[in-house]
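For reference, the structure discussed in these notes is given below.
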Amino acid sequence: MPIIKVSNLSKTYEYYKKQPGLWSSVKGLFHREKLYKKAVKEINFEIDEGELVGFLGPNGAGKTTTLKMLSGILYPTSGEAKVLGHTPWKREPQYQKQFALVMGQKNQLWWDLPAMESFILNKEIYEVSDKDFKENLDELVDLLGIKDILDVQVRKLSLGQRMKCELVAALLHKPKVLFLDEPTIGLDVVAKKNIRDFLKRYNQKNKTTIILTSHYMEDVKELCKRVIIMEEGKIGYDGDLASLIEKYAPYKVLKITFEGEGVKKVDIEKYGEVHKFSSHSITLRVPREKAKNIARDILSSDLPVDDILIDEVDISDVVRKIFNNNKS
Amino acid sequence: MIKKYWMIINNEIQRQFTYRLNIAAYAFGNIAELVALTVIWTIVYRNIDAIQGYSANEMITYVVFAWFFSFLTTTYSFEQNVARDIHQGNLSSLLVKPQSYIRYIMAVAIGRILIALGIVIVQGILVSLFFRDQLIFSHSPSTFFLLFCMLIAAYIINLFLSIIIGFIAFWTNEIHGIYYSLKVFSKFMSGTFFPIILLPVFFAKATFFFPFAYTIYIPVQLYLGKISFAEGLRGFAVELLWIFILYVIIKILWKFGLRKYESVGI
């Protein structure tokens, strides 16, 4: 029995065209040309209880629009969705008490007050008992290690600390479903990892169903077994992440910089497919499983290597590849 | 149920305390406005005994109390808060919670004014002491009680108007122009600066088709004893009627505005 069921869900935004220039602005007062943007086009998917699913795709792919429809902020143009047996956009309190939405670029915490005040307010709004509140809060504060910042004004917190507090605020009522929209946006590597580790543990422990959107491959790779890839409002791929990587990103990228004289193209072509070349910096595509060995070979060769970096393929490349494949 | 809205009021009061300087700045502006009005009237009355039945002391009393009442019942530009919620998308995170947004903003509005209200009351007492030789003091407890009710109703009217203007943000990015015009219009029509009776007859009559006169002019008239207790009661009834009408307008705007918000996402 899926906990989230989405069928033929579509969302079309209306907006107005505005030509540049003063005269057009004046004309715009009287007549404006209406345009339509199909943000989400007839998507279908189901998610089971306890799953942690990643929504991946470039900006403007329709990920956030989908999450907004599932949390009842947006009314769809057509189609249906059921979350925990409720239609989200009816905004029934029984549904609202069972899910939470965290948006990386927005905050629900009271900016000028310590986070604790927002937590207490949420306790009242979600009607959490004193006992449950204390237990949940202790658990979350412990898991995230934020005991010492609870009494600091939210605006004085770092972005990473604030995101942790946002997560606490969202999870105090033990939602069964959690929507996370770009939860790691703007965070540094360490903070990103902290958030990811937390989500992983929380999901395992509480069996919370989580949907997470991101355009960082790393986020999704660490957390989600299953990914749904969206582009231009459509789902391009829905399935196992491992087989996705095998199928569409069977290589990794080596970024190498050289010192001194630099290198000649012929000297490195034997190591892999050269993507970008200049005498002091190259980008190489190599088969995923051989990446480490090749890097070692290059380092131990007599090439004047200054630095070497093994990187994932850009997610937008992967997405583009999937969509090109689907079209052809 | 009630507790969550009390918590919102509580948080908002705390939030105001973090802006102590802002509160002091408001208090300074309040006084400046009163000084300007009393200076003008003192000069005007130098060579005249009465204007439209107002003696000099009555006029000073009128101006001081109109000033006092207007600052007791102001929402301090609350429409901006509502508009900001809509434009910056805070409304989204408020909508996904099991709470009513309209009740939520009312709680915020009340929490927001309480500290300023305390300051206005202290100012009012100081000002009364300063003008003690010119002010007319009314003593009937029943009049005071009716005045108290009228001022609460006046605050609710102002709050509802602010929410209505704030909701215009659903349809346009610019509410400042509308807000500014209404502000000037309402100050003029409410009799904040001078008794409405000084206006040309047409305007004076027109004011009674709007709620503004009932928020300042009628309460001050009641205080001065220029209208009877029964007429005061009638004024209070009209205020209640306006509260009902404005509430219906809020509900309608909310319904259509939300539909727009849901379809556009803003």
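Protein chains in written order, with numbering that gives the first Met the number 0: chain L, 0 to 327; chain W, 0 to 265.
Backbone N, C-alpha and C define an ideal beta-carbon position, used for all residues, glycine too.
| Asked | Found |
| --- | --- |
| Going along chain A, which residues have a C-beta under 7 Å from Ile-119(L)? | Any reference to chain A falls outside this structure, whose protein chains are L and W. |
| Restricting to Cα atoms, I'd like to know which of Ile-1(W), Gln-13(W) and Lys-2(W) is closest to Glu-116(L). | Gln-13(W) |
| Can you find the residues in the same chain that come closer than 6 Å, C-beta to C-beta, to Trp-66(W), ignoring five residues on each side of it along the sequence? | Leu-33 |
| On a Cα-Cα basis, can you pick out the residue from Phe-70(W), Lys-96(W) and Ile-22(W) that is closest to Lys-72(L)? | Note that residue 72(L) is Ile in the sequence shown here, rather than Lys. Out of Phe-70(W), Lys-96(W) and Ile-22(W), Lys-96(W) has the C-alpha closest to the C-alpha of Ile-72(L). |
| Can you check whether the CB of Leu-146(W) is closer than 8 Å to the CB of Tyr-222(W)? | yes |
| Within 10 angstroms of its Cβ, does Thr-72(W) collect 16 or more other Cβ (buried), or is it exposed? | buried |
| Distance cutoff 8 Å, beta carbons only. Does Leu-198(W) sit that close to anything in chain L? | no |
| Using a Cβ cut-off of 7 Å, pull out every chain L residue sitting near Val-95(W), in sequence order please. | Ser-70, Gly-71, Ile-72, Gln-95 and Leu-100 |
| What does the Cβ neighbour count give for Asp-180(L), buried or exposed, with the cut at 16 atoms within 10 Å? | buried |
| Going along chain W, which residues have a C-beta under 8 Å from Pro-92(L)? | Pro-97 |
| Helix, strand or coil: which one does DSSP assign to Gln-79(W)? | helix |
| Pick from Ile-3(L), Leu-8(L) and Leu-28(L): whose alpha carbon is nearest that of Asp-47(L)? | Ile-3(L) |
| Around the C-beta of Tyr-4(W), are 16 or more other C-beta atoms found within 10 angstroms, so that it is buried, or is it exposed? | buried |
| Whole angstroms are fine: how far does the CA of Met-58(W) sit from the CA of Ala-31(W)? | 18 Å |
| Quick one, which residues of the stretch 230 to 247 of chain L are near chain W if we go by CB-CB under 7 Å, in chain order? | none |
| Report the CB separation of Arg-200(L) from Leu-142(L) in whole angstroms; it is logged as a contact under 8 Å. | 6 Å |
| Does the CB of Asn-10(W) have a neighbour CB from chain L at under 8 Å? | yes |
| In three-state terms, what does DSSP make of Ile-210(L)? | strand |
| Does DSSP put Asn-56(W) in a helix, in a strand, or in coil? | helix |
| At a CB-CB cut-off below 7 Å, which residues of chain W make contact with Asp-111(L)? | Arg-14 and Thr-17 |
| Identify the contact partners of Glu-261(W) in chain L, using a Cβ-Cβ distance below 8 Å as the criterion. | Ile-72, Leu-73, Tyr-74 and Trp-88 |
| Using a 10 Å radius around the Cβ and a threshold of 16 neighbouring Cβ atoms, would you call Gln-220(W) buried or exposed? | buried |
| Would a check of beta-carbon distances place Gly-256(W) closer than 8 Å to chain L? | no |
| Fully enclosed by the stretch 59 to 141 of chain W, which alpha helix (DSSP H) runs are 4 residues long or longer? | 77 to 86, 89 to 94 and 100 to 129 |
| Determine whether the Cβ of Tyr-270(L) lies closer than 8 Å to any Cβ atom of chain W. | no |
| So within the stretch 178 to 253 of chain W, which uninterrupted alpha helix (DSSP H) runs reach at least 4 residues, ignoring any that extend past its ends? | 200 to 205, 211 to 214 and 216 to 223 |
| The beta strand (DSSP E) that contains Ser-300(L), what's its start and end? | Taken as a continuous stretch (DSSP letters only), Ser-300(L) belongs to no beta strand (DSSP E), as it is neither H nor E. |
| Per DSSP, Arg-402(L) is paired with what? | Coverage of chain L is limited to positions 0 through 327, which leaves residue 402(L) absent and any answer about it impossible. |
| Following the continuous alpha helix (DSSP H) through Phe-16(W), name the residue where it begins and the one where it ends. | 1 to 16 |
| What residue range does the alpha helix (DSSP H) around Ile-124(L) cover? | 114 to 124 |
| I'd like to know if Lys-4(L) contacts chain W, where contact means its C-beta is closer than 8 Å to some C-beta of that chain. | no |
| Cβ atoms of Phe-211(W) and Ser-185(W): under 8 Å apart, would you say? | yes |
| So, under 8 Å CB-CB, Val-167(L) and Trp-110(L) are touching, yes? Tell me the CB distance rounded to an integer number of Å. | That pair is no contact at about 16 Å. |
| Looking at Cys-223(L) and Gly-53(L), is the spacing between their C-beta atoms short of 8 Å? | yes |
| What three-state label does DSSP hand Asp-47(L) in the structure shown? | coil |
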